[in-house]
Structures are given as C-alpha cells and as structure tokens.
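Asks: For the sequence shown, the positions run 18 to 371 when the numbering used here is used.
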Amino acid sequence: MEKGKMVIERKPAAWLTALILLAIFTCAGCAKVDEQAPYIAHEFMLDTDIIINIEDSRAPQISTAVFQRIAQIEKKMTLFSQDSEIAVLNAQAGQKAVEVSADTHYVLTKAIAMSKITRGAFDPTIGPLVKLWDVGSGLARVPGDAEIQKALALVDYRSLQINPDSDQLHTVFLPRLGQVVDLGGIAKGYSGDEAKRILLEHGVRQGIINLGGNVMAFGHKKDGNPWRVGIQNPLAPRGTYLGIVYVSDKAVVTSGGYERYFIKNGRRYHHIIDPTTGYPANNGLISVTVVADRGIEADALSTGVYVLGLTEGKQLIDSMDGVEAIFITNERKVYTTAGLKDCFQLTDGDFSYE
18 MEKGKMVIER KPAAWLTALI LLAIFTCAGC AKVDEQAPYI AHEFMLDTDI IINIEDSRAP
78 QISTAVFQRI AQIEKKMTLF SQDSEIAVLN AQAGQKAVEV SADTHYVLTK AIAMSKITRG
138 AFDPTIGPLV KLWDVGSGLA RVPGDAEIQK ALALVDYRSL QINPDSDQLH TVFLPRLGQV
198 VDLGGIAKGY SGDEAKRILL EHGVRQGIIN LGGNVMAFGH KKDGNPWRVG IQNPLAPRGT
258 YLGIVYVSDK AVVTSGGYER YFIKNGRRYH HIIDPTTGYP ANNGLISVTV VADRGIEADA
318 LSTGVYVLGL TEGKQLIDSM DGVEAIFITN ERKVYTTAGL KDCFQLTDGD FSYE
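1. How long is the line joining the alpha carbons of valine 83 and valine 232, rounded to whole angstroms?
2. As an exercise, report each continuous beta strand (DSSP E) stretch of at least 3 residues that is fully enclosed by the stretch 296-353, in chain order.
3. Which of the three DSSP states is assigned to tyrosine 174 in this structure?
4. Over what stretch of residues does the alpha helix (DSSP H) that includes arginine 86 continue unbroken?
5. Take serine 336 and list the residues in its own chain whose beta-carbon comes closer than 6 Å to its own, dropping the five residues that flank it on each side.
6. Can you tell me where the beta strand (DSSP E) holding histidine 122 begins and where it ends?
7. Can you tell me which of Ala204, Ser319 and Ile225 puts its alpha carbon nearest to the alpha carbon of lysine 213?
8. Classify serine 265 as helix, strand or coil using the three-state DSSP reduction.
9. Quick check: the Cα distance between isoleucine 143 and serine 74, rounded to an integer number of angstroms?
10. Do you know how far the Cα of asparagine 242 is from the Cα of arginine 175?
11. Can you check whether the CB of proline 192 is closer than 8 Å to the CB of glutamine 178?
12. Provide the residue(s) that pair with leucine 228 in DSSP beta bridges, ordered along the chain.
13. Rounded C-beta distance between valine 198 and proline 145? I'm assuming under 8 Å.
14. Rounded to whole angstroms, what's the CA-CA distance from serine 154 to glutamate 314? Just pull it up for me.
15. Within this structure, are the beta carbons of threonine 353 and leucine 302 separated by less than 8 Å?
16. Taking only the alpha-carbon atoms, compute the straight-line gap between phenylalanine 61 and isoleucine 261 and give it to the nearest angstrom.
17. Taking glutamate 60 as part of the beta strand (DSSP E), name the residues at either end of that continuous run.
18. Where does the unbroken alpha helix (DSSP H) through lysine 205 begin, and where does it stop?
19. Excluding the 5 residues flanking leucine 63 on each side, which residues of the same chain have their C-beta closer than 6 Å to its C-beta?
20. Using the Cα positions of valine 189 and lysine 113, report the straight-line distance between them to the nearest angstrom.
21. Look at serine 304 and proline 251 and say whether their C-beta atoms are less than 8 Å apart.
22. Just reading off the beta strand (DSSP E) that leucine 200 is part of, what are its end residues?
23. Can you check whether the CB of valine 147 is closer than 8 Å to the CB of proline 292?
24. Can the beta-carbon of leucine 96 be found closer than 8 Å to that of alanine 104?
25. Indicate the three-state DSSP secondary structure (helix, strand or coil) for leucine 252 in the structure shown.
26. Would alanine 128 and histidine 187 qualify as a contact pair, given that the criterion is a beta-carbon distance under 8 Å?
27. Leaving out five residues on either side along the sequence, give the residues of the same chain with a beta carbon under 6 Å from the beta carbon of tyrosine 207.
28. DSSP three-state label for isoleucine 165, please.
29. In angstroms, rounded to a whole number, what distance separates the CA positions of threonine 257 and glycine 247?
30. Using only the alpha-carbon positions, how far apart do threonine 65 and histidine 219 sit?
31. Mark isoleucine 280 as exposed unless 16 or more other C-beta atoms lie within 10 angstroms of its C-beta, in which case mark it buried.
32. Would you tell me roughly how many angstroms separate the C-alpha atoms of isoleucine 203 and threonine 121, rounded to the nearest one?
33. Please say whether alanine 110 and glycine 201 have beta carbons closer to each other than 8 Å?
34. So does isoleucine 290 have its beta carbon nearer than 7 Å to some heavy atom of the ligand COA?
35. Enumerate in chain order the residues of its own chain whose CB-to-CB distance from glycine 321 is below 7 Å, with the five nearest sequence positions on each side excluded.
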C-alpha cells in the first residue's frame, strides 16, 4: 500500500494480528449477532500500521478525524522529514533554541520525565546511536568502539533544555553539536492517547486502537467484560500470541528485539539500544509488555524497562501505581507483576510462569 494512503474497510484484512482478532471476535458462540458490525479503519502512519476498531454509525467520519490528528503529530515529530519540528531541533543542535508546538513541547517534557523515572534507560537523545546502528534500514552494521563512544558522548537527556510550560513560547535547545532527539519510543503512545480523546469526544465509549502493537483498549466490550488483548509470542511469526491480557481503559505496549534486527557473524543485533553502553540491550529479556492508564507512559516504560532488564525493570514497575508489566525471558519464562495475577492468561505451553 502506498504510504499515506487511507484504506477503510468493513472487515479485517488477512494480515491483522491476533491481538486485534482477539478484540474483535469476542462473541464467538453467541446466539445473537449484533446488528451493527465493528468498523475497521486502517492507515499506514508513524511508520507502522494503525487500526481503529469501533462501532458507531459515524465511524468513517470519526476515524478520519483520528487519522488527521495522528497525521498532525507525525508531521511535527517524525525524523523522516527535514521540515518536522524535531528535525529542525536536531539541525540546530549546538547553535540555537527552536520554537516548537504545544504537542512537541508536551511530548518532550514527558520524555524527560520518563527518562528520570527509568534512570536514563529510556532517553529521547538516543538519536546518534540509533543513526549509527541504523537497524531496520537495510544498511545496518556493527559500529566500531570509537564510533560508539563518540555517539555516546552526545546521549544525555539531562542536557536537553526545555522552557517551562507557560504562556511564553515553547522553546527547546540541544546544547551539543551533533545531538539528535528521537521520539520513536514515545510518539506512538501519545498518538494513542490523542486518538482515544477524540473518540470519546465524539461519543464513542468503547473500542480498540492499535498503533503497530501499541494498543489502546478503552471502555468495555458490549457485554460489559474487559477486552482480550493477545500478547505476541516473540519467537513466532507476527500474530502468534503466547497469552491474553484482559483490560479495560488501558494502554498495552510491547517492546522487544524480535522484529527489527540484523545478524552479523552469527550474532543478532536488534534496534533497542542501551543508552549506557551504546549497544543493543542484552540482559536476558526478549520482550516486555507494559499495561498502564496512558499510552505515552506505557510506550516509554516498555522501552526503558526492556533496557533495565528483569530485576531492575520489575522493581521499577512494582513501585509505580497503576502500571503493570509482563516480562518474557530468553529461557521462555514469563514473569508478571502482582496486579496482572488475575488479568493475564498464559496460553502457549512452550512458555512457563516464574
């Protein structure tokens, strides 16, 4: 499909993940079929497939409004355009402050807050390292130690200067030449929050929004039960789930090194870079799923916790109110935080609880 072209359809296409299929087909075996079928809207944005699943007579118009809002966010925060606010900010690194919109100011402010919470495991200034490894571009390579050390010197969320949120201009400054902000680990979460806000403002009280695995499940199913969200099996093809988490009004976001990677000399290198080492995170985890009230926090936390690893990551999540997580290790062990004890069902016998 041509990038940016909208496709809206009444039934799921064959490529929809099991995650969405679980959410849609919740009445299998029911004697009565609802008169109004779920409406599925799909578009490729934010470098991923975005799917909206709602039931409303105005669903086409409402879905269009959601996609327009996500397009606004993408235009401001993408790295794939020289004209985006983030691209301009990066181009002016070490030279001058840049005025940004309220959207970008808010996401950058939240990114810094999440960096502090994760003790730098999530860092929006990771851009120099991301560019250096270039995983997923087809041009990925293993950089030399000197290159990594040079890029590491530019990665420091504490150096990012953001003026307070007020009636004044929203300005941001990167003080070091060559610094690069990359909001790829948080912008989708914010987009999911904004999508939910728009749907609620239009009177839609229940539905699913999937932004390439960043899921916002709001409201309940029509029968009053929570939504069923499938958790991807990181060792199997996309759409193969290893368990189901039952949620209402929650964001469910998974991070892992199993989709974007390359292999060199028999070793796998994935795209989630550890800001402290400059190398892809390597701590025994293959995926982390975070369940939280807001997508912007779940998105950043899933990356940060994946980098922190099982012990530190679980300790962090346990210390936070309203946030839960599922950890999958290389040994196919599954760890969940206490709040998911009755909300997560392991369905794949190749994995086991710890």
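A virtual CB, placed ideally from N, CA and C, is assigned to each residue, including glycine.
Given the structure is predicted, the values throughout are model-derived calculations rather than measurements.
Replies: Walking through what the data contain:
1. Sequence index remark: in the sequence shown, residue 83 carries index 66 (1-based). Sequence index remark: in the sequence shown, residue 232 carries index 215 (1-based). So the two alpha carbons sit approximately 15 Å from each other.
2. 302-309, 341-346 and 350-353
3. To locate residue 174, count along the sequence shown from 1; it is residue 157. If DSSP states are grouped into helix, strand and coil, tyrosine 174 belongs with the helices.
4. Indexing the sequence shown from 1 puts residue 86 at position 69. Run containing arginine 86: 76-94, per the alpha helix (DSSP H) assignment.
5. As a working mapping, residue 336 is identified with position 319 in the sequence shown. Answer for serine 336: no residue qualifies.
6. Here residue 122 is taken as the residue at index 105 of the sequence shown, counted from 1. Counting along the chain, histidine 122 falls outside any beta strand (DSSP E), though it belongs to the alpha helix (DSSP H) covering 119-134.
7. The residue labelled residue 213 in the question sits at position 196 within the sequence shown. Considering only alpha carbons, the answer is Ile225.
8. Here residue 265 is taken as the residue at index 248 of the sequence shown, counted from 1. Of the three classes helix, strand and coil, the one that applies to serine 265 here is coil, per DSSP.
9. In the sequence shown, the residue the question calls residue 143 occupies position 126. In the sequence shown, the residue the question calls residue 74 occupies position 57. Looking at the two C-alpha atoms, the distance is approximately 43 Å.
10. As a working mapping, residue 175 is identified with position 158 in the sequence shown. As a working mapping, residue 242 is identified with position 225 in the sequence shown. When rounded, the distance between both Cα atoms is 43 Å.
11. Locating residue 178 in the sequence shown gives position 161, where the first residue counts as 1. Locating residue 192 in the sequence shown gives position 175, where the first residue counts as 1. Cβ atoms of glutamine 178 and proline 192: closer than 8 Å.
12. Numbered from 1 along the sequence shown, position 211 holds the residue referred to as residue 228. DSSP lists Ile67 and Asn231 as partners of leucine 228.
13. Here residue 198 refers to the residue found at position 181 when the sequence shown is read from its first residue. Here residue 145 refers to the residue found at position 128 when the sequence shown is read from its first residue. Going by Cβ atoms, the distance from valine 198 to proline 145 rounds to 10 Å, so no, they are not a contact pair.
14. Taking the sequence shown and counting its residues from 1, one reaches residue 154 at position 137. Taking the sequence shown and counting its residues from 1, one reaches residue 314 at position 297. Rounded to whole angstroms, serine 154 to glutamate 314 spans 27 Å at the Cα level.
15. As a first step, residue 353 is located in the sequence shown; it is residue number 336 there, counting from the start. As a first step, residue 302 is located in the sequence shown; it is residue number 285 there, counting from the start. Contact: no.
16. Your numbering for residue 61 matches position 44 in the sequence shown. Your numbering for residue 261 matches position 244 in the sequence shown. Approximately 26 Å between the Cα atoms of the pair.
17. Numbered from its first residue, the sequence shown carries residue 60 at position 43. Note, glutamate 60: beta strand (DSSP E), 56-62.
18. For the purposes of this step, residue 205 is taken as residue 188 along the sequence shown, with counting starting at 1. That run of the alpha helix (DSSP H) goes 204-218.
19. One-based indexing of the sequence shown puts residue 63 at position 46. Cβ neighbours of leucine 63 beyond the five flanking positions: Glu91 and Lys205.
20. As a first step, residue 189 must be located in the sequence shown, where it is residue number 172. As a first step, residue 113 must be located in the sequence shown, where it is residue number 96. Rounded to whole angstroms, valine 189 to lysine 113 spans 9 Å at the Cα level.
21. Here residue 304 refers to the residue found at position 287 when the sequence shown is read from its first residue. Here residue 251 refers to the residue found at position 234 when the sequence shown is read from its first residue. Contact flag set, yes.
22. Locating residue 200 in the sequence shown gives position 183, counting from the first residue. Looking at the DSSP string, leucine 200 is not in any beta strand (DSSP E), and its letter there is neither H nor E.
23. Translated into the one-based positions of the sequence shown, residue 292 becomes position 275. Translated into the one-based positions of the sequence shown, residue 147 becomes position 130. Taking 8 Å as the Cβ cut-off, proline 292 and valine 147 do not qualify as a contacting pair.
24. Along the sequence shown, one-based indexing puts residue 96 at 79. Along the sequence shown, one-based indexing puts residue 104 at 87. Going by C-beta atoms, leucine 96 is nearer than 8 Å to alanine 104.
25. Taking the sequence shown and counting its residues from 1, the one referred to as residue 252 is at position 235. Leucine 252 falls in the coil class under three-state DSSP.
26. On the sequence shown, residue 128 is found 111 positions in, with the first residue counted as 1. On the sequence shown, residue 187 is found 170 positions in, with the first residue counted as 1. No, Cβ-Cβ distance for alanine 128 and histidine 187 is not below 8 Å.
27. Reading the sequence shown from its first residue, position 190 is the one you call residue 207. The residues are Val124 and Ile313.
28. The residue you call residue 165 lines up with position 148 of the sequence shown. Looking at isoleucine 165 - three-state DSSP - the assignment turns out to be helix.
29. Start at 1 with the first residue of the sequence shown, and residue 257 comes out as number 240. Start at 1 with the first residue of the sequence shown, and residue 247 comes out as number 230. Taking the straight line joining both Cα atoms gives about 8 Å.
30. Taking the sequence shown and counting its residues from 1, one reaches residue 65 at position 48. Taking the sequence shown and counting its residues from 1, one reaches residue 219 at position 202. Using only the alpha carbons, I get a separation of about 25 Å.
31. Residue mapping note: residue 280 aligns to position 263 of the sequence shown, counting from 1. Classification of isoleucine 280: exposed, given that the 10 Å Cβ count is below 16.
32. Translated into positions along the sequence shown, residue 203 becomes position 186. Translated into positions along the sequence shown, residue 121 becomes position 104. Approximately 11 Å between the Cα atoms of the pair.
33. To locate residue 201, count along the sequence shown from 1; it is residue 184. To locate residue 110, count along the sequence shown from 1; it is residue 93. In this structure, alanine 110 does not lie closer than 8 Å to glycine 201 by Cβ.
34. The model on display carries no ligand, and the ligand COA is accordingly not part of it.
35. Within the sequence shown, numbered from 1, the residue matching residue 321 stands at position 304. Cβ within range, chain order: Met131, Thr135, Ala138 and Phe139.
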